[in-house]
Every structure is written in C-alpha cells, then in structure tokens.
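Taking it in order: structure first as structure tokens, then the write-up.
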Amino acid sequence: MKTQHADVAVVGAGIVGIACAYYLAISKRAPKVVIIDPLAPMSLTSAASGENYRNWWPHQVMTEFTDFSTDLMEEISRQSNNQLHMTRRGYALATRLADPDTLLRQLYEGYGADGGAKIRWHKKGSGTKYQPALSADWQSAPDGVDVIQDRAILDSYFPSFDKEVSTVLHIRRAGDISGQQMGSFMLHKIRELGGSVVQGKVVAIQRTGSFSVAVESEAAAQTITADLVVNAAGPYVGHVAELLGEKLPVQNVFQQKIAFEDAQKAINRQMPFSIDLDGQVVDWSEQEREVLAEDPDLDWLTKAMPGAIHCRPEGGEHGKWLKLGWAFNTTPSEPSETLPFFPNFPEIVLRGASRLNPSLKVYYGRLPARMSHYGGYYTMTKENWPLIGPMATSGAFVAGALSGFGTMASCATGALVAKWAFGDSRPEFTKFLCLYRYQDETLMKALLSSESTGIL
Ligand SMILES: Cc1cc2nc3c(=O)[nH]c(=O)nc-3n(C[C@H](O)[C@H](O)[C@H](O)COP(=O)(O)OP(=O)(O)OC[C@H]3O[C@@H](n4cnc5c(N)ncnc54)[C@H](O)[C@@H]3O)c2cc1C
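Residue numbers for the sequence shown follow numbering that gives the first Met the number 0, so the first one is 0 and each next one is one higher.
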C-alpha cells in the first residue's frame with residue numbers, strides 16, 4: 000500500500016480546509032501539507048455559498064473574528080490584483096420598525112467599545128450626508144454603519160424597497176467575494192510551496208506517535224502519516240471527529256438558495272445585499288392559500304415565517320443574475336449525498352423576497368426556466384459560533400461549524416488554526432471560538448439565551 004508523509008494532513012478540500020492548508024503552508028513551518036478529499040476541491044458546501052461577507056453580528060467576538068478574516072481577504076485581494084473579485088457595497092438590513100430597539104442595542108453590542116464612533120445616524124428629516132454604495136470598489140467604501148431613517152435618503156438610494164420600511168442599517172464593511180477564485184488562488188500557492196491534494200476519503204485515523212491517516216479511493220488505498228491533523232470536513236466534521244474517538248457539539252441544517260436571470264430588470268444592479276429582517280406571512284393568492292392550508296405537510300407555509308430573506312444582484316453591474324435566499328429551516332438532519340431540496344422553495348423565497356422588493360412580483364408563478372436551485376448544510380453549534388482550535392487528541396485540530404459564514408470566515412479560520420498548530424500568540428477572541436468555551440458556563444448560558452445568534 001502506498002504511504003507518504005506530510006507535516007500536516009488536512010481532511011476536507013472545501014474553502015475551510017484549503018484556507019487552513021494555505022496559512023499552514025505560507026507559515027513555511029509546515030511546507031508539506033496534504034489535503035485529502037474524495038470530491039473535487041470546493042465542490043460541496045463551499046459551492047453553495049452565497050459568498051457574502053459582513054462584520055455585523057450581535058456579539059463582539061464574532062465581529063472581531065470576521066473583521067480579522069476580512070483584513071486577510073483584503074490582503075489577498077491586494078496581492079492578487081483582486082483575483083477574488085472582492086466588492087463592498089454593504090449589507091442593507093431593512094425593517095418596518097420605526098424604533099428597532101433590540102436591533103440597535105445588538106448593533107452597539109456587536110461593535111463593542113467602538114460602536115458609538117462607527118455608527119452614523121440619519122434620523123427622520125435630518126438631511127444628514129450619506130455616502131451611497133454607488134461603487135463596488137472595496138478600497139473606497141466607508142467603514143461603520145449608517146442607520147437610515149430619513150425618508151429622503153431611503154427613497155433616493157433604496158427606491159425599490161417597500162415603502163413601509165422605516166429603518167435601514169447599511170453595514171459598510173460587507174459585500175461579496177468569489178470563494179471559488181479565493182480557493183483557487185490558495186491552492187496554487189499551496190502547491191507552489193510543496194503541498195498537494197490527495198483524492199480519497201479518510202476512513203480511519205490512528206495516533207501512534209504521529210498520525211496514521213487511512214485514505215480510500217477508487218484508484219487505490221493509501222496511508223498518510225502526519226505530525227498534525229486538521230479536521231475540516233464540513234458537514235462531516237462530526238464523523239471525522241468520531242474517527243478520533245471524539246464527539247463534537249455540531250448539527251447540520253439544510254439551507255437553500257436560488258439564482259436566476261433578472262430578464263425583467265426588477266432589481267437595480269447597484270443594490271447592496273439586501274435583507275428583510277421582518278417576519279411575514281407569505282403573499283399567496285387566496286386560492287393558493289386554501290390549497291396549501293388543506294395539505295397537512297404544507298400548511299406551515301400559510302403561517303408566520305421568520306425574517307432574514309436576502310436578495311443580491313450577482314455578477315456585478317454588467318451581470319444580469321439575482322440570488323435569493325431564506326434560511327428558514329431550523330430542523331437538523333443527518334448530512335446526505337442526496338440533498339433534501341424542497342421543490343417549492345423557489346416560489347417561496349421569491350414571494351418572501353417580494354415583500355422588501357415588490358418589483359420581484361413580476362416573477363410570481365413564472366420564474367425563468369434558466370434558474371439554479373441549490374443548497375447545502377449549515378454545519379453549526381447551537382450557539383452558532385464556530386469550532387476552531389485543538390481537539391482533545393493532541394496534535395489534532397478542528398476547523399468547522401462555520402454555519403452560514405464559512406466563506407467569509409475561512410481566512411481567519413485558517414490563520415487561527417496555523418497559530419494554534421505552532422503555538423503562536425493569538426487574538427484574545429480566539430479562545431471563545433474553540434472547544435474550551437464550553438467550560439465557561441456563564442458565557443454558554445448567555446449565548447444560548449441570546450435573542451439572536453446572527454443566522455442569515
Ligand atoms: C445555501 C448556503 C449559503 C451560504 N452563504 C454563505 C455566504 O453568503 N457567506 C459565507 O461566508 N458563507 C456562506 N455559507 C456557508 C459556507 O458555504 C460554509 O460555511 C463553507 O462553505 C464551509 O466550508 P467547509 O470547507 O467547512 O465545508 P465543505 O465545503 O462542505 O467542505 C468539506 C469537505 O470535506 C470533505 N470530507 C468530508 N468527509 C471527509 C472524509 N472522511 N475524508 C475526506 N474528506 C472529507 C467533503 O467531501 C468536502 O469536500 C452558505 C452555506 C449555504 C449552505
């Protein structure tokens with residue numbers, strides 16, 4: 000049987016495993032990094048990502064974590080002549096609440112001590128100066144958040160929004176990247192530095208001095224011995240932990256998106272990634288509602304649904320496509336190769352998104368045939384914070400539970416795993432993102448009882 004030695008074996012070639020391998024490799028202290036995956040790199044959950052990033056969270060730890068990741072993505076953008084297509088038109092979070100107290104409290108909490116300085120108010124009739132997101136260039140975009148309640152600003156710069164919307168939080172350090180391009184940039188560098196990708200599934204891991212990782216593939220079985228192991232197996236992170244005799248507090252929740260060509264030009268191409276925060280009852284016709292209500296499997300579609308429906312122009316100003324998403328599923332399931340698509344999802348998300356952007360109603364019952372309906376698992380902890388750091392087995396690290404934020408957080412995750420692996424100093428927030436946080440009962444109680452876990 001073929002055997003090879005690596006400094007580090009990374010299980011999983013999604014964006015998270017690739018980012019771990021990249022930061023380990025560029026540290027020059029682990030030049031031979033082997034990534035193992037039965038699938039093509041970036042083809043599982045990472046291929047379903049909306050590829051959006053933001054530094055808006057209801058807790059400062061997550062804000063600092065994603066800010067750190069964005070710093071690293073910006074560094075790659077500079078190095079690569081923006082090969083990752085990083086843009087920064089922001090996130091526009093819309094609500095019909097004129098005094099969204101909870102939301103604003105979370106905003107201040109999320110930005111911590113800097114909060115006050117980062118938040119610009121545009122109150123009703125105030126006539127304050129607001130910098131619209133006319134350019135996608137991340138280097139010229141402002142930082143902080145604009146809290147917009149001035150009707151004139153809302154009408155001028157968010158003209159497609161429901162007129163009942165009375166507050167928009169425009170998060171400015173936010174936008175999108177091409178995760179595929181970032182993965183490809185990193186893979187190129189990993190290979191240049193002596194790393195490689197091995198096609199196969201990790202079926203056993205033994206710790207006898209170094210690690211012995213058994214890999215199975217159609218071509219041949221092989222063993223990879225390694226000094227360190229990184230578990231970046233996405234939805235299967237729990238399964239790979241079991242190979243080490245460990246259990247991780249993770250679950251998988253399937254989420255879906257659609258993308259289609261906006262042939263009717265319903266959405267302005269300069270619109271930021273827009274999120275309707277308010278819950279709603281989906282806009283069905285009376286007849287549709289009756290049919291749904293009569294079906295015990297579908298009657299939930301006639302009842303109150305949560306908020307956080309998103310819509311974004313895809314492909315820049317000269318593109319034509321739109322992406323819509325709504326992470327309303329909350330039921331965990333075992334990850335399966337056959338993804339559990341909900342056939343009615345496209346029409347549901349369209350109806351939901353039309354509440355914020357009524358121009359989308361033009362597609363009711365007639366979504367284009369050239370539509371892509373895709374999805375993947377949000378692999379997550381109950382508190383929706385990731386697991387990045389040492390596992391119980393010495394020399395093994397986990398980089399997982401990245402839920403709906405793994406593309407934006409992959410760089411920070413990779414950099415933190417490299418720091419853990421080499422015992423380097425780490426930012427203060429790092430300790431809250433690893434398994435050690437479960438020893439802090441007060442923190443866990445607070446996280447599990449908080450009003451929002453930042454799921455979008
Ligand atoms: C619908 C949807 C929208 C999203 N939108 C966004 C967004 O806008 N922004 C954002 O930042 N994030 C978003 N995410 C989240 C993001 O896509 C994920 O967090 C991220 O892709 C996870 O990457 P990963 O590398 O951990 O997992 P994956 O991409 O799933 O990669 C894991 C890899 O591990 C491999 N593997 C598993 N078991 C084994 C084994 N035994 N041996 C070898 N290999 C193994 C798998 O084959 C797979 O290739 C979204 C996710 C979904 C589902």
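Here a beta-carbon is modelled for each residue, glycine too, at the ideal position from N, C-alpha and C.
If you measure between the beta carbons of residue i and residue j, is that distance less than 7 Å?
i           : j           : result
residue 17  : residue 182 : yes
residue 223 : residue 5   : yes
residue 405 : residue 10  : no
residue 324 : residue 256 : yes
residue 372 : residue 334 : no
residue 174 : residue 87  : yes
residue 358 : residue 159 : yes
residue 55  : residue 147 : no
residue 243 : residue 392 : yes
residue 37  : residue 453 : no
residue 227 : residue 420 : yes
residue 390 : residue 245 : yes
residue 417 : residue 139 : no
residue 236 : residue 399 : yes
residue 21  : residue 185 : yes
residue 302 : residue 313 : no
Assign residue i to buried or exposed, taking buried as 16 or more other Cβ atoms, counted over all protein chains shown, within 10 Å of its Cβ.
i           : result
residue 48  : buried
residue 259 : buried
residue 133 : exposed
residue 271 : buried
residue 382 : buried
residue 121 : buried
residue 106 : buried
residue 50  : buried
residue 218 : exposed
residue 254 : buried
residue 78  : exposed
residue 367 : exposed
residue 220 : exposed
Any heavy atom of ligand 1 closer than 6 Å to the beta-carbon of residue i?
i           : result
residue 232 : yes
residue 51  : yes
residue 152 : no
residue 142 : no
residue 308 : no
residue 335 : no
residue 397 : no
residue 201 : yes
residue 83  : no
residue 21  : no
residue 428 : no
residue 256 : yes
residue 36  : yes
residue 406 : yes
residue 387 : no
residue 297 : no
residue 129 : no
residue 47  : yes
residue 60  : no
residue 453 : no
residue 89  : no
residue 118 : no
residue 44  : yes
Need the endpoints of the beta strand (DSSP E) that residue i sits in, please.
i           : result
residue 376 : 370-379
residue 321 : 320-325
residue 3   : 1-10
residue 273 : 272-275
residue 389 : 386-389
residue 313 : 308-313
residue 16  : First-last for residue 16: 14-25, but that is the alpha helix (DSSP H), not the beta strand (DSSP E).
residue 174 : 173-175
Could you spell out where the alpha helix (DSSP H) holding residue i opens and where it closes?
i           : result
residue 290 : 285-293
residue 154 : 150-156
residue 352 : 344-355
I'd like to know if residue i contacts chain E, where contact means its C-beta is closer than 7 Å to some C-beta of that chain.
i           : result
residue 305 : Looking for chain E here will not work: only one protein chain is present.
Practice problem: Output the residue ranges of the alpha helix (DSSP H) runs that lie fully inside the stretch 28-111 and measure 4 residues or longer, sorted by chain position. | Solution: Note on the stretch 28-111: whole alpha helix (DSSP H) runs with a minimum of 4 residues are 44-47, 59-78, 100-110, in chain order.
Quiz prompt | Any alpha helix (DSSP H) of 4 or more consecutive residues that is wholly inside the stretch 191-261 | solution = The qualifying runs are 236-242.
Quiz item: Which whole runs of the alpha helix (DSSP H) in the stretch 402-448 are 4 residues long or more, in chain order?
Solution: You should have 405-421, 440-447.
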